[in-house]
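Below is one structure, written out as structure tokens; the observations come after it.
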Amino acid sequence: MPDASAAADWNVRSRQWVKTAPEGASTNDTPNQELIAYAGIKAGDHVLDLASGTGEPAISIAVAVGDEGSVTATDATEPMLRAAAKRAANMGLENISFRLCPMEDIDFEEGRFDAVTCRFGMMHAGDSLAGLKHARRVLKPGGRAAIMVHGPADMNTAWTTVYTVAPEFFRIDRGANIERHYRFSEDGAAAAVFTEAGFRNVEQKLTTGEVRHPADKAFWRGSLERGFSKEMAGLDAAECDELDARLRDAFAGYIVGGEYVLASTSRLARGTK
Ligand SMILES: C[S@@+](CC[C@H](N)C(=O)[O-])C[C@H]1O[C@@H](n2cnc3c(N)ncnc32)[C@H](O)[C@@H]1O
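Numbering of the sequence shown is given in this note's numbering, commencing with residue 3 and proceeding in unit increments.
Written out as structure tokens, the structure is:
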């Protein structure tokens with residue numbers, strides 16, 4: 003069953019996601035290309051993307067599969083999909099369609115797609131196992147599903163630091179969000195749900211990387227706005243400065259040669275029907 007309170011939360015959070023979405027092509031395509039390669043997507047494929055948000059990786063998949071292929075972008079949150087559709091229109095993409103639908107309720111016919119993808123969405127579903135069972139059902143025999151989720155908390159410096167400092171500052175409990183965010187980060191957790199959903203040839207891997215930001219940039223503001231929209235809206239200028247100062251302190255130890263250098267790790271899992 004889709005989770006109604008999480009859905010309401012995503013409706014609120016979507017305002018900030020929509021505001022910061024690219025106008026057209028992805029501004030950081032590396033994770034999309036990793037997922038496309040892991041899913042084995044090629045020109046001419048018909049792909050279903052779950053929890054597409056504002057169009058990652060669906061827009062990049064539309065480019066990768068070309069005119070003979072197609073991508074169906076789905077999400078549970080309407081404003082997210084509207085933003086994705088606007089990006090696609092700006093790019094003149096005609097091989098992408100959109101369907102407002104939680105992954106737990108996917109109702110496409112059996113065997114329709116060559117591949118199914120999901121980037122940073124599986125952990126947000128109330129019933130991710132149901133989502134993956136649908137993914138398997140709508141795949142052609144031999145088709146592949148691949149997901150990208152977050153790696154361990156201590157290997158994702160930016161998110162973990164913001165979600166430690168900001169809840170303390172706002173005196174709110176975000177424990178459940180943190181738990182959900184890292185739900186599949188443990189070794190084997192994502193692969194286990196693929197196996198339970200009936201996939202064969204289940205595999206997973208960790209991709210470790212880093213993100214860099216200039217040391218004079220308050221790079222955490224985007225995460226604050228996306229994750230704490232309501233609380234941020236209630237702050238005056240002095241309180242904003244105080245929160246910035248706390249985050250600057252928390253990130254100070256990561257400055258190397260004039261840049262913040264932060265660990266960023268994803269886990270990929272895949273399986274075949
Ligand atoms: C962290 S965002 C990721 C969006 C996009 N895939 C990306 O990587 O930028 C998570 C997305 O999951 C969507 N979502 C939450 N619960 C969902 C569900 N049960 N089924 C489908 N989408 C869901 C949200 O609306 C949101 O767009």
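Here a beta-carbon is modelled for each residue, glycine too, at the ideal position from N, C-alpha and C. In this text the structure is predicted, and so the values were computed from the model without any measurement.
In the same chain as residue 140, and ignoring 5 residues on each side of it, the C-beta atoms closer than 8 Å to its own belong to 50, 108, 110, 111, 112, 113, 114, 115, 118, in chain order.
Taking 3 residues as the shortest admissible run, the segment 44-105 contains the following complete beta strand (DSSP E) segments, listed from N- to C-terminal end: 48-52, 72-77, 98-102. Counting C-beta pairs closer than 8 Å gives three or more between the segment 240-252 and the segment 153-167, which meets the contact rule.
Taking residue 241 as reference, the option from 103, 213, 171 with the minimal CA-CA separation is 171. Going by beta carbons, residue 155 and residue 147 fall outside the 9 Å limit. Annotated three-state conformation of residue 112 is coil, per DSSP. Assignment of residue 28 by DSSP, reduced to helix, strand and coil, places it in the coil class. Ligand 1 never approaches residue 26 closely enough for any of its heavy atoms to be under 8 Å from the residue's Cβ.
At a Cβ-Cβ threshold of 9 Å, residue 19 and residue 93 do not count as neighbours. Closest in C-alpha terms to residue 244, from the list 259, 228, 223, comes 223. Of all residues, those with a beta-carbon under 5 Å from at least one heavy atom of ligand 1 are 4, 12, 53, 55, 58, 77, 78, 79, 82, 104, 105, 121, 122, 123, 126, 127, reported in chain order.
For residue 98 and residue 57, the gap between their C-alpha atoms comes out near 10 Å.
With three or more CB-CB distances shorter than 8 Å, the segment 201-221 counts as touching the segment 261-274. Annotated as distal: residue 55 and residue 100, with beta-carbon spacing of 9 Å or more. Apart from the 5 residues on each side of it in sequence, residue 272 sits with its Cβ closer than 7 Å to the Cβ of 40, 41, 146, 147, 148, 205 in its chain, given in chain order. Secondary structure at residue 34: helix, using DSSP grouped into helix, strand and coil. The C-alpha of residue 235 lies about 47 Å from the C-alpha of residue 202.
The way I'd put it, the segment 70-79 doesn't touch the segment 181-198; fewer than three beta-carbon pairs between them come closer than 8 Å. Per the coordinates, the alpha-carbon of residue 226 lies some 8 Å from the alpha-carbon of residue 168. Nearest to residue 48 by C-alpha distance, out of 70, 34, 127, is 70. Between the beta-carbon of residue 268 and that of residue 152 there is about 6 Å, and that keeps the pair under the 8 Å contact cut. Bounds of the alpha helix (DSSP H) holding residue 183 are 177-183. The straight-line gap separating the alpha-carbon atoms of residue 212 and residue 160 is approximately 10 Å.
In the three-state DSSP reduction, residue 13 falls in the helix class (H, G or I). A direct Cα-to-Cα measurement between residue 103 and residue 15 gives close to 18 Å. Taking the Cβ atoms as the reference, residue 133 lies roughly 25 Å from residue 157, outside the contact range of under 8 Å. Looking at the backbone, the Cα of residue 67 and that of residue 88 are separated by about 19 Å. Collapsing the DSSP output to three states places residue 224 in a helix.
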